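K.L.:
Starting off with a structure, shown below.
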Ligand code: NA
Ligand code: NA
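Residue numbers (our numbering), protein chains in the order written: chain A, 1 to 89; chain B, 90 to 594; chain C, 595 to 1557; chain D, 1558 to 1720; chain E, 1721 to 1837; chain F, 1838 to 1946.
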């Protein structure tokens, strides 16, 4: 039961991955790509949560936390670049 | 457990750290610290050399973990020899630097000491991946030193130097990775043991890895055709840095000697004598091309750099003969060429500074101040670099050729070495005649204040005196290098010492 | 005095002379004379040994391992040469003291002269041939210094370089020859070599060895075709020419032939090579000498000719020929030295050396004239003079040799012709200079030179006469000893007498004398002929062509190889690695794929992999839009982290994530100052070959990975897994390896990071690089410097991130985490502060000095390692313990954690140091940080520009190449 | 007092978060968490000079719950929109005039707007007086602005700026 | 029972994650696409994390709530990211289906005095 | 899975090499970054591929991945990060000193 749910979830998240990846490559605008990257990292967090349940291992928690933090930093830096060019001024 | 083994690594490390701590020291304090640390390194190196002179191999298990699991430092004759040479070179390079070159940019002495940290670490380590790490240490320190002082040409040279070395490091990792993936270990002695017992289906992999690794070392050593990075880099470094860099190519040569006598040595079964078909021909080509570069150089520093390339050729020719006599000859030639090249770089700077905007360009220019002293020094340096009698360069040449007498390549070796000697003679005669004879009369004949002149020339004279010492003391020096060579060619003792049953803890 | 000291004396004297000349220019001359006398005094006491038929050998050990010792040898030959060197040297020094002008630097001259004298003595007195070679090369070097004495003259510089190049090349060949010779004979000692002649002559390496040795001898003794350097060396001061280029240095070559005579001679190769070269040189020199208008030029070619004569004698190889050879060495030294000095006097007094202008000097300087006549008569081989005697034996030996060599008459005819030409140019030297009408506009009115300047000439001229008249009395003893030294056996039957009755040799002499007179009489047509065909005899033009060719070739090759292009450099590097790897792989046949069981591919992994590949390739295709490339790189990094997670490497994943974001920030910081786009057609770059190389490299890497991944292996990993907890006190084996098992690696690694920070700090020091005022599309930047939301969130984020960092740091030893990751998390949190509030605001609030932070981190790590030394354990030995405190409960402390703390500090310090100073570039480059402008109207670029006119101008230049 | 506890709310919050991080509740961890919760704010004080005052904690709680509920509801709505026909969408921009002054309050407002699917705050004017909001699908701009002000802004004013 | 709840949460989370990405992929302009990921974040990852927390808390090894931390992080950061992205898009004047408010509408009110309380 | 990893490493290497051979500093930096990704993955895979067995000692662990390559990669990542940072800044310095971003400082044609 749980396994079925998990495998369904995996498929869905993988599909989400693919869609975001497509947007990443297709663009067209820079914000589009940045948004896609941001979404990718969120999907990655979902993936990790699923992996944790599937392997009943808590070792993926820090990774998820770090993706959340670093994904944010990256997005902010990229946006700031578009807005100001000089990202730390 | 002999803690002397770790000292050559810790001394420069601490000397590099201290100036960083709060309440920044003055430049004077930095210089004193740096100088003291370098002198101490020389002392330690000599002590270590004395310790291992009887053929004993000191093994230092870091973290008290036995080989092959932990990293071990191994001090044998070769390591000690390299340490002594490095310390001596560093001392004179530093003596030149503290005249003011060290104020041209930030953190000179930290970079300098950590460069020594990297060099000494590389010479002492018995672990292949650790060798990579210390390569990186000495490389990034050298990047900083190369760019020290800044300037257009220096930046461009630095960019090329850095990028090509990053690629080199990547290749190093590919090679080390493959070796681990096949042999499952990193300790060089253990690698040797495992390599000798490789099942046939894995032999191609370690041979490939071994040859890629050779490519990496060849890049560091500036062996043809991987020498192209050197001339610009060395020609544009500041004088003391270029002088110190005289040892950098030798690190590559050292690694080749170490790895291909130990891991891929005669005892390595189907992986044995891996680089024999490559090393000697390439070395001879490097020798000739380096000299041709020196002949066609338009600037003195550039010429010095090409002469370094040529000297790499000579050195690796000797090592490439792959017999005791050849290795001994190479190891005798190594300090000579290191000191001579360093002296030439320092001298080139001293001359360039006296020729106004003409700098070190090889065109007739105004007569320089104190021409007698500098001219005399140039003459001696040129004799040393060109390998003319009576200085050690000639002996190195003689020993190399002597070692080649029974080698099938004898005609090639003799032809190349003698032709290179002639080319060097032509190049340096031209340079000397241009710089000192074709000088146009100039009014700037102001006699220079003696103390400054002395402080400027003492490092050069010191380096030349080291060469003279190698000449006078050629007997003992050659005995020493011969002892090293025999130790290299019988790695059993090394393996025993490192992998002794029931290691430390 | 011992032989080494005799040789050493002049070298020390050189230093003394150079030094003393500061006190007064003449002191150098006296000092040099004194030194020479001292050496002579040291030598003479040893002289009776050779006369008693013994050879003195004195050696001190130098490089015993290769049989090279400092070994000196005094036998007849050595003694003769040593006496020539010192005796004539003494005369030259006396002469030069008057010859040199006021402005000439005496110290340098005499120092050079003494240097040369020492080197020459070394050659004469060496027992070890390697040592001999060293002195041999020293003569080349010192002659370079002496020829270029008048450095301001171009002919002096070029002559010196030419001499050095030719004789230096010969020296190198000689090195090769001596190596082979020593190899064949089994020793570098002359006594052994001279004793093992048969073994040498029959050895397979004999011919190459002989060729190399002869190359050395011929270049030094100016034998055809290497003779051309000698006339060019005449730019040297005349005393130098007299000493080096007539009496001593050029004799070193023939000395070598004499020295090795017993070991090498007596084979057809020897006769052909030595005799042939000698004969050609003899003829050529004699012929060309006649047509020289320069006094010294004539003497130079005559010297060449006489050297050829001596060489030919040794080539003939009979003992008696050797006698004649040695005898002629002595004679030539005497008359040629005196002739050179006479020429020098003439030059000195008339200010010219051109025989077309110098005429009828007899009226001005009859005494000098008389001396010159005697000397040149000796040169011509006129009876009652020494030259005649040696020539007689020479003619006789040629006649004797002609039969076994099956020459018949041509050989005697040739040497007679040479003799005739010798007579002719001797006649010219006298007639053309001292008679033949009036001088043609000479710079000054000539008169006799100062008294002491003539003394050396007188002495030598007297010797010519004495030897010529009473040879048995004057020269016989020393000649006998010398020849004994050459032959290493008792002297052959010979008889030095003026009159042997009517012999064919006498006939040849007469023919030569008469013929010479006739040639000189009919010289006019000969001169015309010579002028027309001068070129093909001038070998130096060929030499110049060779040298220029060499320079051209060297330049071409070097430029071809070293284009100074980074792309070329990388291409060669990667290609070499590929070639080496491939060569290694195919050298032994084995399948690419191994037998290890493989993992099945699952959908998610496949998808992620495809995503990564797509992103990577996309980055390549879109790399001209640099920001897009950065975003795609970020995606690649993210998937890489997922791969690490997938394959059980949580620590790697964490590190990868953190590093990748910081890298992105760095790239963006840099991108601000760089063009936003790569130009569509940067330079004509061979992109096809680049693609091929890239594909090959990728293929290689993939194949290697595949080959290893599919093979089973044994590893040391087990040890770490079992010892991690009991030995290292940590459950996270990777972390324990990093801080304990291989903590030394980590120490190096953080040093690299620290060095990167410091290096970058040094690099950015005083770097001025103003950033663009508008983006690539020319749009002004958004006026909102620090978005309010971001600023607020940043405040909240920092404490959270610090907490997280501490968490990762503390648990790293047992669970994923560790100092490096914690450090990057901290750095990231602070980066957010920079992003939100700017560098000035944040920097002002940063509590620590970053350099100190790096230093403390490194120190912490190092001291943790050092602590173990105090307990007698090696560097970096770790320790740990479990404590149980009330309330708090069980917890562990490991020294490795302190080490990890050091790592943490270095990471934070270095990362921030880099970022801050990157951020500060713009700050420093920009006088006033852009002040917030009121929100501009949206969708109206024109108005935006209108709002920012002051920035518009600076923007263009910055992006000149971006558009 | 203020110098020792610059952010009184932050200390317990951090302590709690610490327990979440270590994922266990032992006396030792609690003490450690409190210690960190006390030390970190002091360490980062200079980065967060302003003090936060919550006048009506209960209202804040109610606000949070309301937002969470809206998120839930809006998610379903937007899900339908995404799965449905894109050309049917009626995206609009609306300018919402702000009464809030403090950065924290404004931030919470914009966050609430962004978190609830279907609306994104696109821009805050430099003088913090107007917020440009983009809605995925809305019939009447005025009504949307009104909802935002009443549903989110008002409670936030009560919590942080009661005057 | 618990397993059903878990499965439900997991699938819901995955579904919303997917829908978010779908929105990103198929919605017509940047501003509309921007709305997609917000739900991927909120409900999608939210429910997945709740599921995870529930799962591990019921595994015996004590309550596991640290997933809440990830959620907290996301709920704090995601809106700011979205806001900045929108701001950037607005700055770059990306094509938008929604008509932007008239210039005067936004810029006109800029200079009004800021009344303090 | 092994094939997939080999493919990834190959592609990353190829992309890295190609970009590193460009004439502008920025793509070169990107290329070097890709190369470091590639070599890090390569080094990592030298411990072979293992799923769900992180090298963290635990009671109920069925087995462990080879920790050594992981440690090596960690070191390698840090070093390549330092090097990348350095070369990035060096590219800026080159831009400032040489006036353009060509790797040889050549001006535009
Ligand atoms: Na050299
Ligand atoms: Na330990």
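Glycine included, every Cβ here is placed at the ideal spot set by N, Cα and C.
Note that the coordinates shown come from a computational prediction; the quantities given were computed from them, not determined experimentally.
Residues of chain C with CB closer than 9 Å to the CB of residue 1804 of chain E, please, in chain order.
P.N.:
The residue labelled residue 1804 of chain E in the question sits at position 84 within the fifth chain. Under the 9 Å cutoff, chain C gives 1381, 1383 and 1384.
K.L.:
Ignoring anything shorter than 4 residues or poking outside the segment 279 to 309 of chain B, list the alpha helix (DSSP H) runs there in chain order.
P.N.:
Not a single unbroken stretch of the alpha helix (DSSP H) spanning 4 or more residues falls wholly within the segment 279 to 309 of chain B.
K.L.:
What is the rounded straight-line gap between the Cα of residue 1612 of chain D and the Cα of residue 1242 of chain C?
P.N.:
Here residue 1612 of chain D corresponds to residue number 55 of the fourth chain, with the count starting at 1. Here residue 1242 of chain C corresponds to residue number 648 of the third chain, with the count starting at 1. Taking the straight line joining both Cα atoms gives about 49 Å.
K.L.:
For residue 1344 of chain C, collect the residues of the same chain with a Cβ closer than 6 Å to its Cβ; drop the 5 residues on either side in sequence, then sort them by chain order.
P.N.:
Residue 1344 of chain C sits at position 750 when you count from the first residue of the third chain. Closer than 6 Å at the Cβ level, and outside the excluded window around residue 1344 of chain C, lie 1497 and 1500.
K.L.:
CB-CB under 7 Å to residue 78 of chain A, same chain, minus the five flanking residues each way: which ones, in chain order?
P.N.:
Counting from 1 along the first chain, the entry for residue 78 of chain A is found at position 78. Hits under 7 Å: 34.
K.L.:
How would you write the range of the beta strand (DSSP E) that residue 1479 of chain C sits in, first residue to last?
P.N.:
Locating residue 1479 of chain C in the third chain gives position 885, counting from the first residue. Looking at the DSSP string, the run of the beta strand (DSSP E) that includes residue 1479 of chain C is 1474 to 1479.
K.L.:
Please tell me whether residue 1376 of chain C has its Cβ less than 8 Å away from any Cβ of chain E.
P.N.:
Counted from its first residue, the third chain places residue 1376 of chain C at position 782. At least one chain E Cβ lies under 8 Å of residue 1376 of chain C.
K.L.:
Would you please state the rounded distance, in angstroms, between the beta carbons of residue 587 of chain B and residue 163 of chain B? I believe it to be under 8 Å.
P.N.:
Start at 1 with the first residue of the second chain, and residue 587 of chain B comes out as number 498. Start at 1 with the first residue of the second chain, and residue 163 of chain B comes out as number 74. Going by Cβ atoms, the distance from residue 587 of chain B to residue 163 of chain B rounds to 6 Å, so yes, they are a contact pair.
K.L.:
Could you tell me if residue 1575 of chain C is buried or exposed, where buried requires 16 or more neighbouring beta carbons within 10 angstroms of its beta carbon?
P.N.:
The question about residue 1575 of chain C has no answer, for chain C in this structure spans 595 to 1557.
K.L.:
Kindly examine ligand 4 and report whether one of its heavy atoms sits closer than 7 Å to the Cβ of residue 1505 of chain C.
P.N.:
Ligand 4 is absent from the structure shown, which contains only ligand 1 and ligand 2.
K.L.:
Note down, one range per segment and in chain order, each alpha helix (DSSP H) of at least 4 residues found wholly within the segment 1561 to 1603 of chain D.
P.N.:
1567 to 1579 and 1584 to 1600
K.L.:
Go to residue 1108 of chain C, then tell me how far its alpha helix (DSSP H) extends in each direction, as first and last residue.
P.N.:
Here the question's residue 1108 of chain C lines up with position 514 in the third chain. It spans 1098 to 1115 - the alpha helix (DSSP H) in which residue 1108 of chain C sits, taken as one unbroken run.
K.L.:
Beta-carbon separation of residue 1301 of chain C and residue 1186 of chain C under 8 Å?
P.N.:
As a working note, residue 1301 of chain C is residue 707 in the third chain. As a working note, residue 1186 of chain C is residue 592 in the third chain. Yes, the Cβ-Cβ distance between residue 1301 of chain C and residue 1186 of chain C is below 8 Å.
K.L.:
Specify whether the segment 1429 to 1438 of chain C and the segment 1474 to 1492 of chain C touch according to this definition: at least 3 beta carbon pairs, one from each stretch, less than 8 Å apart.
P.N.:
no
K.L.:
Which residues in chain F sit within 7 Å of residue 65 of chain A, going by Cβ to Cβ distance?
P.N.:
To locate residue 65 of chain A, count along the first chain from 1; it is residue 65. Ordered by position in chain F, no residue passes the 7 Å Cβ test against residue 65 of chain A, which lies about 17 Å from the chain.
K.L.:
Determine, using beta carbons only, whether residue 1767 of chain E and residue 52 of chain A come nearer to each other than 8 Å.
P.N.:
As a position in the fifth chain, residue 1767 of chain E is number 47, starting the count at 1. As a position in the first chain, residue 52 of chain A is number 52, starting the count at 1. Result no, Cβ atoms of residue 1767 of chain E and residue 52 of chain A do not sit closer than 8 Å.
K.L.:
Residue 451 of chain B lies in the alpha helix (DSSP H); which residues open and close that run?
P.N.:
To locate residue 451 of chain B, count along the second chain from 1; it is residue 362. Unbroken run through residue 451 of chain B: none, as it is neither H nor E.
K.L.:
State the beta-bridge partners of residue 1483 of chain C as determined by DSSP.
P.N.:
Here residue 1483 of chain C is taken as the residue at index 889 of the third chain, counted from 1. The partner list for residue 1483 of chain C (beta bridge, DSSP) reads C/1479.
K.L.:
From residue 55 of chain A to residue 1157 of chain C, what distance separates their C-alpha atoms?
P.N.:
Along the first chain, read from residue 1 onward, the residue named residue 55 of chain A stands at position 55. Along the third chain, read from residue 1 onward, the residue named residue 1157 of chain C stands at position 563. Roughly 57 Å between the two C-alpha positions.
K.L.:
Hey, out of D/1600, D/1691 and D/1666, whose CA is closest to residue 1716 of chain D's CA?
P.N.:
Counting from one through the fourth chain, the residue named residue 1716 of chain D turns up at place 159. For residue 1716 of chain D, the nearest C-alpha among the options comes from D/1666.
K.L.:
From residue 791 of chain C to residue 858 of chain C, what does the alpha carbon distance come to, in whole angstroms?
P.N.:
Position 197 of the third chain holds residue 791 of chain C. Position 264 of the third chain holds residue 858 of chain C. Those two C-alpha atoms are separated by around 6 Å.
K.L.:
Going by the DSSP bridge assignment, what does residue 1329 of chain C pair with across the sheet?
P.N.:
Reading the third chain from its first residue, position 735 is the one you call residue 1329 of chain C. Answer by DSSP bridge pairing: none, since residue 1329 of chain C is not bridged.
K.L.:
In terms of residue numbering, what span does the beta strand (DSSP E) encompassing residue 149 of chain B cover?
P.N.:
The sequence position of residue 149 of chain B within the second chain is 60, counting from 1. Taken as a continuous stretch (DSSP letters only), the beta strand (DSSP E) holding residue 149 of chain B covers 147 to 150.
K.L.:
By the DSSP assignment, the alpha helix (DSSP H) with residue 1300 of chain C in it spans what residues?
P.N.:
As a first step, residue 1300 of chain C is located in the third chain; it is residue number 706 there, counting from the start. Residue 1300 of chain C -> alpha helix (DSSP H) spans 1281 to 1303.
K.L.:
Mind checking residue 401 of chain B: buried by the 16 CB within 10 Å criterion, or exposed?
P.N.:
Counting from one through the second chain, the residue named residue 401 of chain B turns up at place 312. Flag for residue 401 of chain B reads buried.
K.L.:
Does residue 1430 of chain C get closer than 8 Å to chain B when you measure Cβ to Cβ?
P.N.:
Counting from 1 along the third chain, the entry for residue 1430 of chain C is found at position 836. No, no contact with chain B.
K.L.:
Restricting to Cα atoms, I'd like to know which of C/702, C/807, C/651 and C/1047 is closest to residue 943 of chain C.
P.N.:
Here the question's residue 943 of chain C lines up with position 349 in the third chain. Nearest of C/702, C/807, C/651 and C/1047 to residue 943 of chain C, Cα basis: C/1047.
K.L.:
So, for residue 197 of chain B: in the same chain, excluding its five sequence neighbours on each side, which residues have a beta-carbon less than 7 Å away from its beta-carbon?
P.N.:
Along the second chain, one-based indexing puts residue 197 of chain B at 108. Here the set comprises 186, 191 and 237.
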